[in-house]
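**Student:**
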Amino acid sequence: SMWLPDSVPAMYGEVQSPEYPQPYPPNLQEQWDLSVPEGYQIRLTFTHMDIEASPGCYYDALTVLYNGKVLGRFCGHENSADGHHPGNHPILSPGNKLTLIFQTDNNNPERHQNVGFSAQYQAIDIDECSAPEPVDGSGPLCAQICLNILGSYICSCHHGYELRSDQRTCVLSCGGGIFDEPEGHLFSPGYPNSPPHSVSCQYIISVESGFIITLNFSDNFHIESVNTEQGTKCPYHWLQVTIPDREPIKLCGAKSPGLIVTNSNTVTLDYHTDEEGLSNGWSLDYSTHRVNCPPPGNVVKGRVTPNPTQFFYRDYIFVRCDQGYKLMMNGQEIESFSAMCQSNGQWHLPLPECHIIDCGEPQPLLNGGVTFLSGFQNQYRSVIQYHCNEPFYYFFGSLNVNFTCESDRKWRSNNDVVVSPLCIPVCGQPTNHITGIQR
Amino acid sequence: ITGGSEAPENTIPWQVLLTISAGRGGGMVIANRWIMTAAHVVVHNNLPVSSETVHIYMGLNDVKTLDHPTAYAASIHIHPNYTNTNNLDFNNDIALIKLKDPITFNASIMPICLPEERDTYLTGLIGLVSGYGLTKNNSRLFSTNKLNYVLLPVVEDNICAKSITSVKDAGKDVPNLTNNMFCAGRPEGGKDSCQGDSGGPYALSDHGRFWAAGIVSWGVGCGEKGRYGVYTRVANYVGWIKKTMQEN
Numbered sequence: 001s002m003w004l005p006d007s008v009p010a011m012y013g014e015v016q017s018p019e020y021p022q023p024y025p026p027n028l029q030e031q032w033d034l035s036v037p038e039g040y041q042i043r044l045t046f047t048h049m050d051i052e053a054s055p056g057c058y059y060d061a062l063t064v065l066y067n068g069k070v071l072g073r074f075c076g077h078e079n080s081a082d083g084h085h086p087g088n089h090p091i092l093s094p095g096n097k098l099t100l101i102f103q104t105d106n107n108n109p110e111r112h113q114n115v116g117f118s119a120q121y122q123a124i125d126i127d128e129c130s131a132p133e134p135v136d137g138s139g140p141l142c143a144q145i146c147l148n149i150l151g152s153y154i155c156s157c158h159h160g161y162e163l164r165s166d167q168r169t170c171v172l173s174c175g176g177g178i179f180d181e182p183e184g185h186l187f188s189p190g191y192p193n194s195p196p197h198s199v200s201c202q203y204i205i206s207v208e209s210g211f212i213i214t215l216n217f218s219d220n221f222h223i224e225s226v227n228t229e230q231g232t233k234c235p236y237h238w239l240q241v242t243i244p245d246r247e248p249i250k251l252c253g254a255k256s257p258g259l260i261v262t263n264s265n266t267v268t269l270d271y272h273t274d275e276e277g278l279s280n281g282w283s284l285d286y287s288t289h290r291v292n293c294p295p296p297g298n299v300v301k302g303r304v305t306p307n308p309t310q311f312f313y314r315d316y317i318f319v320r321c322d323q324g325y326k327l328m329m330n331g332q333e334i335e336s337f338s339a340m341c342q343s344n345g346q347w348h349l350p351l352p353e354c355h356i357i358d359c360g361e362p363q364p365l366l367n368g369g370v371t372f373l374s375g376f377q378n379q380y381r382s383v384i385q386y387h388c389n390e391p392f393y394y395f396f397g398s399l400n401v402n403f404t405c406e407s408d409r410k411w412r413s414n415n416d417v418v419v420s421p422l423c424i425p426v427c428g429q430p431t432n433h434i435t436g437i438q439r
Numbered sequence: 440i441t442g443g444s445e446a447p448e449n450t451i452p453w454q455v456l457l458t459i460s461a462g463r464g465g466g467m468v469i470a471n472r473w474i475m476t477a478a479h480v481v482v483h484n485n486l487p488v489s490s491e492t493v494h495i496y497m498g499l500n501d502v503k504t505l506d507h508p509t510a511y512a513a514s515i516h517i518h519p520n521y522t523n524t525n526n527l528d529f530n531n532d533i534a535l536i537k538l539k540d541p542i543t544f545n546a547s548i549m550p551i552c553l554p555e556e557r558d559t560y561l562t563g564l565i566g567l568v569s570g571y572g573l574t575k576n577n578s579r580l581f582s583t584n585k586l587n588y589v590l591l592p593v594v595e596d597n598i599c600a601k602s603i604t605s606v607k608d609a610g611k612d613v614p615n616l617t618n619n620m621f622c623a624g625r626p627e628g629g630k631d632s633c634q635g636d637s638g639g640p641y642a643l644s645d646h647g648r649f650w651a652a653g654i655v656s657w658g659v660g661c662g663e664k665g666r667y668g669v670y671t672r673v674a675n676y677v678g679w680i681k682k683t684m685q686e687n
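Line order of the protein sequences matches chains A and B.
So that you can map any letter, position 94 of the first sequence is 94 in this note's numbering, and since no number is skipped, the others follow by simple counting.
Just remember that this note's numbering sits 439 ahead of the position in the second sequence, which is counted from 1.
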């Protein structure tokens, strides 16, 4: 046995009169029931129509119906003035079905053979959300938010409300709202209108560590308050702003708190009203920005890059030493250095130091020696001079060879030579000579 | 050295004294690890002597002050064409001794320069011959522990050849003179190298710089009238010397 898929209505199709494009026969009573999936409507477009024209399409006619209701009765030719022809205008069904009935009488004009019609149809998504509210008083399709999707629609509710089981209306329910986007908009249920009584809503804004939340209340702020001798109190209605490690702030009254920089990546807002009183509520935009790190400072004989005016979480700095200097940290030389601004506003590593490099002891020269000309302890830019033990050895080509401690920690001569010079023996030149005065 | 003089200190710093078994020979320093000498000095009974038996002294002019060898031989390299089987063929009489340890040069030990390859020696040029070999006084040979030297001119090959022929004509067996040899000495005799000087230097000077023109090789008698000392012509062996040093 073989499983066959359920029959799914086509998304498009074609309808033609019998024997099209040959002339249609007389005495026809042909019907087509077109359908597309639920949530779609049918758009019918005539590519050609040539039906015997008559007043009111009395003899031959194509009738288009939706649920028994006639959407149009057509006959004639697109180029003729007789009959009732749809022209280039498509016919849109209100729903996902459409019925076409083609009727012909027993008599056709002798001189002109009409070929009938050819039409194409396709499924068009219905935007249920933009449909007018039904007149039966049942209310809008969705009580708060309507989202059109292909072939259907979905109802949704504002924060503080949740969708009822009828999938259409919303009920107040504002607990557990967590906002983790870097910016957003919050408002009390029903804002700017007063919500039902006894509201208890909690909003938690929680973003990644290393980011700081800033609340920006709109001017239209209204939470019932009581003025006492000690000032404004919020005994019945309030919005409590809780920031970790700080005392909670209770807000009420008619004056917007404006901007609140929390210096925290988590803020909890608890909105409470009792069963009496009137509060129109509040709304706010929140934004986040990265934590600041202090300027990293300077490195002697080195450079810290980049050097912006401020450093933020996840910013990196790099330290490079001047030529002839090396990076040192905790007494150890390091190849490179980078530090990141952490979520706690601290650099993850302290700055290293730049120490002058040294080339080490110069290679001893066999049958020669080395003399320091300038510099200190073989350090960068120190200059040494090799010499051979004269008169028994000599440098080939020169008397002395100077080497400088270069930034690559090598002793290099003026000719960029790294290897030590070589002392070549002097031959055949005794220091004492056989002389004879007597002749 | 006959008819010569004792060398003042540091005047012939390339001079080497070789003692091999009971024999004594000369040599010359040519590099910090190499001594050049005559092949017949380091060949005994047609076999190369063992390098362990070669004692090498240098740096002083009095053998009595040399209590232990200055250097030790690591290997001996005799010229491959030296085939003196009957002691009458001194052609290619040249050898090199490689030292175990390099020498540091100073006023008393210094290498002698080598000639250009195929250098020619002008007749009449005065060369310096030195050694610890026999000396002569009133026709009597004496042994000496002092380094002696004598200045001898290069002799024309023909004259030398005639001298040797005359000896042959007298019925004596003497080696042949070849192109690898040259002669030095005075026709009147008296001044010459002698037994024990073999392997030592015959040095020519060029602008105050001495170079090894010859190696004391052989001769008929010592300092005899009409006889000349025969020396290995070093210029003919510069290629072999360099090759041997590079390969070893």
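Just so it is clear, CB atoms sit at the ideal spot from N, CA and C, and this is done for glycine as well.
Examine the ligand HEM and report whether any of its heavy atoms sits within less than 7 Å of the Cβ of A/Leu-422.
**Tutor:** With respect to the ligand HEM, the structure shown offers nothing to examine, as it has no ligands at all.
**Student:** Can you give the Cα-Cα distance for A/Ala-131 and A/Pro-244, rounded to whole angstroms?
**Tutor:** Approximately 48 Å, taken between the alpha carbons.
**Student:** State yes or no: is the C-beta of A/Tyr-313 within less than 8 Å of the C-beta of A/Ser-264?
**Tutor:** Against a cut-off of 8 Å, the Cβ pair of A/Ser-264 and A/Tyr-313 comes out as no contact.
**Student:** Work out the CA separation of A/Ile-437 and B/Leu-535 for me, nearest whole Å.
**Tutor:** Computed Cα separation, rounded: 37 Å.
**Student:** What residue from B/Val-589, B/Phe-649, B/Gly-610, B/Lys-607 has the CA that sits closest to B/Ala-623's CA?
**Tutor:** For the residues B/Val-589, B/Phe-649, B/Gly-610, B/Lys-607, the minimum Cα distance to B/Ala-623 belongs to B/Val-589.
**Student:** In the structure shown, what three-state DSSP assignment does A/Thr-104 receive?
**Tutor:** Note: A/Thr-104 maps to coil in three-state DSSP.
**Student:** Could you spell out the range, first to last residue, of the beta strand (DSSP E) harbouring A/Asp-125?
**Tutor:** From DSSP, the beta strand (DSSP E) with A/Asp-125 extends over 116-125.
**Student:** Below 9 Å between beta carbons is the criterion; list the residues of the region 383-398 of chain A that meet it against any residue of chain B, in chain order.
**Tutor:** Cβ contacts with chain B: Asn-389, Pro-391, Phe-392, Tyr-393.
**Student:** To the nearest whole angstrom, what separates the beta carbons of A/Val-64 and A/Gly-72, a pair I think is in contact under 8 Å?
**Tutor:** The Cβ separation is near 5 Å, so the contact holds.
**Student:** To the nearest angstrom, how far is the alpha carbon of A/Gln-323 from that of A/Pro-295?
**Tutor:** Rounded to the nearest angstrom, the two C-alpha atoms are 24 Å apart.
**Student:** Can you check which of these residues, A/Gly-137, A/Asn-216, A/Pro-55, is closest to A/Leu-186 by C-alpha distance?
**Tutor:** Nearest of A/Gly-137, A/Asn-216, A/Pro-55 to A/Leu-186, Cα basis: A/Asn-216.
**Student:** Going by beta carbon distance, what residues of the same chain come within less than 7 Å of A/His-48, once the five residues before and after it are set aside?
**Tutor:** Only Phe-117, Ser-118 meet the Cβ criterion.
**Student:** Taking 8 Å as the CB-CB cut-off, is A/His-355 touching chain B?
**Tutor:** A/His-355 does not count as touching chain B.
**Student:** Helix, strand or coil: which one does DSSP assign to A/Pro-55?
**Tutor:** Reduced to three states, the DSSP call for A/Pro-55 is helix.
**Student:** Taking Cβ-Cβ distances below 9 Å as the criterion, which residues of the region 414-430 of chain A are in contact with chain B?
**Tutor:** Against chain B - using a Cβ distance shorter than 9 Å - the residues of the region 414-430 of chain A are Pro-425, Val-426, Cys-427, Gly-428, Gln-429, Pro-430.
**Student:** For A/Glu-52, count neighbouring C-beta atoms within 10 Å of its own C-beta (all shown protein chains included) and say buried if the count is 16 or more, exposed if not.
**Tutor:** Label assigned to A/Glu-52: buried.
**Student:** Chain A partners of B/Tyr-588, CB-CB under 8 Å?
**Tutor:** Under the 8 Å cutoff, chain A gives Ile-434.
**Student:** Can you check whether the C-beta of A/Arg-381 is within less than 8 Å of a C-beta belonging to chain B?
**Tutor:** For A/Arg-381, the answer is no, since every Cβ of chain B falls outside 8 Å of its Cβ.
**Student:** Ends of the alpha helix (DSSP H) at B/Gly-662?
**Tutor:** Neither: B/Gly-662 is in no alpha helix (DSSP H) and is coded neither H nor E.
**Student:** Does DSSP classify B/Tyr-676 as helix, strand or coil?
**Tutor:** Looking at B/Tyr-676 - three-state DSSP - the assignment turns out to be helix.
**Student:** Taking the alpha-carbon positions, what's the B/Asn-523 to B/Val-488 distance?
**Tutor:** Taking the straight line from one Cα to the other gives about 14 Å.
**Student:** In three-state terms, what does DSSP make of A/His-355?
**Tutor:** Residue state, collapsed to three classes: strand.
**Student:** Tell me where the beta strand (DSSP E) around A/Thr-242 begins and ends.
**Tutor:** 238-242 is the extent of the beta strand (DSSP E) around A/Thr-242.
**Student:** DSSP three-state label for B/Ile-686, please.
**Tutor:** A quick correction: the sequence has Glu, not Ile, at residue 686 of chain B. In the structure shown, B/Glu-686 sits in a helix (DSSP, three-state: H, G or I).
**Student:** Considering only residues of the same chain and omitting the five flanking positions on each side of A/Leu-28, which have a CB-CB separation below 7 Å?
**Tutor:** Closer than 7 Å at Cβ, skipping near neighbours: Pro-18, Phe-102, Gln-103, Thr-104.
**Student:** Just grab the DSSP bridge partners of A/Met-329 for me.
**Tutor:** The partner list for A/Met-329 (beta bridge, DSSP) reads A/Gln-332.
**Student:** Quick check for students: name the residue ranges of the beta strand (DSSP E) that lie wholly in the region 480-528 of chain B, counting only runs of 3 or more.
**Tutor:** The region 480-528 of chain B contains these whole beta strand (DSSP E) runs: 493-497, 510-517.
**Student:** So for A/Asn-432, helix, strand or coil by DSSP?
**Tutor:** If DSSP states are grouped into helix, strand and coil, A/Asn-432 belongs with coil.
**Student:** For A/Met-2, is the classification buried or exposed, using 16 other Cβ atoms within 10 angstroms of its Cβ as the cut-off for buried?
**Tutor:** Residue placement at A/Met-2 is flagged as unreliable, the pLDDT there being 49, under the threshold of 50; the coordinate-derived value follows with that caveat. Looking at its Cβ environment, which holds fewer than 16 other Cβ atoms inside 10 Å, A/Met-2 is exposed.
**Student:** Report the neighbours of A/Asn-367 on chain B: residues whose CB is nearer than 9 Å to its CB, in chain order.
**Tutor:** Correct list: Asn-471, Thr-543, Phe-544.
**Student:** Give the single residue among B/Pro-592, B/Met-549, B/Tyr-670 whose Cα lies nearest to the Cα of B/Ala-470.
**Tutor:** Out of B/Pro-592, B/Met-549, B/Tyr-670, B/Met-549 has the C-alpha closest to the C-alpha of B/Ala-470.
**Student:** Which residues in chain A sit within 7 Å of B/Arg-625, going by Cβ to Cβ distance?
**Tutor:** Residues of chain A passing the Cβ test: none, with the nearest at roughly 16 Å.
**Student:** From the beta carbon of B/Thr-583, is the nearest beta carbon of chain A less than 8 Å away?
**Tutor:** By this cut-off, B/Thr-583 is not an interface position.
**Student:** Taking C-beta pairs closer than 7 Å, name the residues in chain A that B/Thr-450 reaches, listed in chain order.
**Tutor:** Under the 7 Å cutoff, chain A gives Pro-430, Asn-432, His-433, Ile-434.
**Student:** What number of angstroms, rounded off, separates the C-alpha of B/Ser-605 from the C-alpha of B/Leu-527?
**Tutor:** Distance between the alpha carbons of B/Ser-605 and B/Leu-527 is about 16 Å.
**Student:** Beta carbons nearer than 7 Å to chain A: which residues of the region 533-563 of chain B have them?
**Tutor:** Those residues of the region 533-563 of chain B that come within reach of chain A (Cβ to Cβ, closer than 7 Å) are Thr-543, Phe-544, Asn-545, Ala-546, Met-549, Pro-550, Ile-551, Cys-552.
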